[in-house]
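Encoded as structure tokens, the structure appears first; notes follow it.
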Amino acid sequence: MNPYRSLPSHAFWRKSVAEVHPSEVTPVVEAPFTILESDKIATAGSCFAQHIANHLSRSGYNYLVTENANPRFEFESRNFNYGVFTARYGNIYTSRQLVQLFDRAYGNFEPEDVTWKNAKDQWVDPFRPQIQPNGFESEDELLADRQQHFARVREAFESLDYFVFTLGLTECWRSKSDGAVFPVCPGVSGGEFSPEKYEFHNLSCSEVVADMTTFIGKLRYINPHAKVILTVSPVPLIASASSQHVLPATVLSKSILRVAADQLQSELNDVFYFPSYEIITGSFNRGQYFGSDLRSVTPEGVAHVMSVFMRTCTDSKAEVTQQLKLAATKEALPTGTSVERIEHALQVVCDEEALDAGFNVALED
């Protein structure tokens, strides 16, 4: 007996990919849980995680934001990284950053790098180097902001129902003395690079799994019912500090993260991998989901990802996902919604962009 005869359509490339219109490819068989509008959804991770946050909030879901700007400065709040993620932590590209954020927020890890100065001699947070345009005016202001930030991080972890984390990269820079990992290489957005103090490290699959297992265990110690949704950023490395060409370096990094996500989903309860990476990078879309720079995800790509996410992971109605598609392609925009507002909503804040702005130091998203 041929065991393939009884398999469903989604098991066959021809039936579920090649003969399906690209916009209708749905690489999710069944999500293990359904997000309700009342559920508190927190996000963190690389730049691509911001798309998920934007669409959830615009679709009427309870996107959790614990760190808000002063209402007087709401217009400029995004420039100061308020609302970009659940808390004002900026990009968390690696699993090591995430577990260290938890430990720092709960007072279990105090890195030796407390503050940095930028090129304008202003103070910056080594672990959030670009959240404050032009930096902080004083070290005291920075330290006070960090303490209230930690309070908002704790609030998020303790109150969320779902934590959506986008794994961005494996390449990172860390302190040789205490292992603290930074979102960008010291000397790029602040601080001074020294080979005696800092080193490049490329996380292995086992390290990513260990980091995320540790983090999820700590999260559930304070929030036993927390569910975790993992994604892998489809955005290629903007630069690589390894000895490889940036193309194979990108494939290596994303492959490690993808395998790690699958292992975590298989080994831990209430952990689900959502295949946004496959939707954006899959050959079925014939490269239509990347912009001219071959890195930026197009509105159509984002719309496809969110359409699948809403249909398979939430209690959303079909018309909501259709509205996402229409808005992303700038057709039939909701009343009062300008093209400029849609384009603004699709923009993301990425720390690693500094690496390609006149620097020769490497990293990515």
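Residues 1 to 365, numbered by UniProt numbering, are exactly what the sequence shown covers, in order. Backbone N, C-alpha and C fix where the C-beta goes; we use that ideal spot for every residue, glycine too.
- In this structure, the beta-carbon distance from F215 to F33 does not fall below 7 Å.
- Straight across, the Cα-Cα distance linking A69 with Y63 is about 16 Å.
- Distance check between G301 and each of T250, H55, G135 and T43 places H55 closest, using alpha-carbon atoms only.
- Judged by DSSP secondary structure, L169 falls outside any beta strand (DSSP E); it is assigned neither H nor E.
- Rounded to whole angstroms, the Cβ separation of D161 and K227 is 7 Å, and the two are in contact under 8 Å.
- It is roughly 24 Å from the alpha-carbon of N269 to the alpha-carbon of M306.
- Along the segment 88-158, the alpha helix (DSSP H) occurs as fully enclosed runs of 4 or more residues at 95-105, listed in sequence order.
- Counting along the chain, Y63 sits inside no beta strand (DSSP E), nor does DSSP assign it H or E at all.
- In the three-state DSSP reduction, E196 falls in the coil class, being neither helix nor strand.
- Taking a cut-off of 8 Å on C-beta distances, the segment 178-188 does not touch the segment 134-149, as fewer than three cross pairs fall below it.
- In the displayed model, L56 falls within a helix according to three-state DSSP.
- F272 is bridged by DSSP to I229.
- Beta-bridge annotation (DSSP): S255 is not paired with any residue.
- In the structure shown, the three-state DSSP call for F163 is strand.
- Bridge pairing for N202: E171 [DSSP].
- Secondary structure of G187 (DSSP, three-state): coil.
- G60 counts as exposed, since fewer than 16 other C-beta atoms from the protein chains shown sit within 10 angstroms of its C-beta.
- In the three-state reduction of the DSSP assignment, I35 falls in the strand class, which pools E and B.
- Between the alpha carbons of P111 and R96 lies a gap of roughly 13 Å.
- Contact between the segment 201-209 and the segment 253-265 is present: 3 or more CB-CB pairs across the two stretches fall below 8 Å.
- Of the residues D293, I229, P22 and K254, the one whose Cα lies closest to the Cα of V271 is I229.
- In this structure, F157 is the residue among H225, F157 and A31 with its C-alpha nearest to the C-alpha of T43.
- Contact between the segment 183-194 and the segment 245-255 is absent: fewer than three C-beta pairs spanning the two stretches fall below 8 Å.
- The beta carbon of V99 is closer than 7 Å to those of D211, T214 and F215 in its chain, skipping five residues each way along the sequence.
- Partner residues in the beta bridge of I41, as assigned by DSSP, are Y63 and Y162.
- The Cβ neighbour count for P8, taken over all protein chains shown within 10 Å, is under 16; the residue is labelled exposed.
- Membership of T312 in the alpha helix (DSSP H) is indicated by the continuous run P299 to C313.
- In the three-state scheme derived from DSSP, where H, G and I count as helix and E and B as strand, V208 is classed as helix.
- Shown here, F290 sits in a strand according to DSSP, grouped into three states.
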